[in-house]
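Under the numbering used here, the final residue of the sequence shown carries the number 260; numbering is consecutive throughout. Glycine residues also receive a C-beta, built at the ideal position from the N, C-alpha and C atoms. Small disclaimer: the values here were computed from a predicted structure and weren't measured. Written out below as structure tokens is the structure these notes cover.
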Amino acid sequence: MRVTRRRQRRPDPLASRAAVRFILERLRNALPAIIPRREKELISMLRATRHIQRYSATDTKRGRPSFWKREELLRVAAHLGDILDRETSGHISLASFVDHYLRLLEFPPDVIEALEGGEINLSEAAQLARITHLRPGYSPGRAKSTRAELLSTHLQTKGSGPQLRRRVNELLGASSAEAGGGAEAVDSGLDLEDFDPYDPTHLFWDQIKQLGFALRDIRREDVMDEEIDELLKACEPVLTVLSRIQRRREKKKVLKLLI
């Protein structure tokens, strides 16, 4: 039977409210005329900044217009990216900051205490933070006691991030069913996997996502002939590595069938 163990991780200096607010203050000092003073408004602005990274100018015209001008959001994205490069030595991108770190400002105090105390990492904190009084069937008191029980068990058993995520999914699924919401009410959108910004695989997948967004916006008529040659040359070593990975996966499948 496969045993899942907690990996040893280096400390994450950005996984605290003070560190996140330090980044936000640096951004506010850089763009005082654009950055809102209220934290909630700034969080909303950064999420809009993240949105324009994913969509082209044409795509962003669909649906409700943004509260902020696109030009302002692009300036914010550029400055925030520079700040994160300097403060994290390039380990954490704007996408990771907004999608993962910014949300810890909204985590319950007991989860923040465990995170900043080094008992859990950001991924595990995000899972515990899913259990709130806003969920069907959970009062504030029950949510807090459930988080405490989960945390205690998780630490005693030295559980992994995926194990904690599955346990939270089970609890929220049962809670939703009791309230008549069904298991589909479980918020899988908060599934962060086992997020570790210093794990090179995280950086790899972040780059893959950025490539996907860029390729989706490019049309055939946008690419010049010489650029096609450059892209083909760049793709060749990547395809070679992917082919090797695929062959290895196929060998594992064959071995499983033979066992």
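Taking C-beta to C-beta, are HIS155 and ALA144 nearer than 8 Å?
The Cβ atoms of HIS155 and ALA144 lie no closer than 8 Å to each other.
Which same chain residues end up closer than 6 Å to GLU194 when comparing Cβ atoms and leaving out the 5 residues on each side of it in sequence?
Reliability of the predicted coordinates at GLU194 is poor, the pLDDT of 49 falling under 50, and the value obtained from them is presented with this limitation in mind. Within the same chain, GLU194 has no close Cβ partners at all.
State the DSSP-derived secondary structure class of LYS41, mapped to helix, strand or coil.
When DSSP states are grouped into helix, strand and coil, LYS41 belongs to the helix group.
Report the CB separation of LEU103 from LEU15 in whole angstroms; it is logged as a contact under 8 Å.
Between LEU15 and LEU103 the Cβ distance is about 11 Å, and since that is not below 8 Å, they are no contact.
Check whether the Cβ atoms of LEU81 and ILE53 lie closer than 8 Å to each other.
no
Buried or exposed: LEU240, going by 16 or more other Cβ atoms within 10 Å of its Cβ?
Note on LEU240: under 16 other CB atoms within 10 angstroms of its CB, so exposed under the neighbour-count rule.
Taking 8 Å as the threshold, find out whether the region 161-177 comes into contact with the region 113-125 through three or more Cβ pairs.
yes
Determine the closest residue to GLU125 out of LYS234, HIS101, ALA34, with distance taken between C-alpha atoms.
By alpha-carbon distance to GLU125, the top candidate from LYS234, HIS101, ALA34 is HIS101.
Per DSSP, what kind of secondary structure is MET46 in: helix, strand or coil?
helix
Considering just the uninterrupted stretch of the alpha helix (DSSP H) at LEU135, what are its terminal residues?
Taken as a continuous stretch (DSSP letters only), LEU135 belongs to no alpha helix (DSSP H), as it is neither H nor E.
Verify whether the separation of the beta carbon atoms of PRO37 and LEU43 is less than 8 Å.
Their beta carbons are under 8 Å apart, which means PRO37 touches LEU43 by this criterion.
Rounded to whole angstroms, what is the Cα-Cα separation between GLU150 and GLN157?
11 Å
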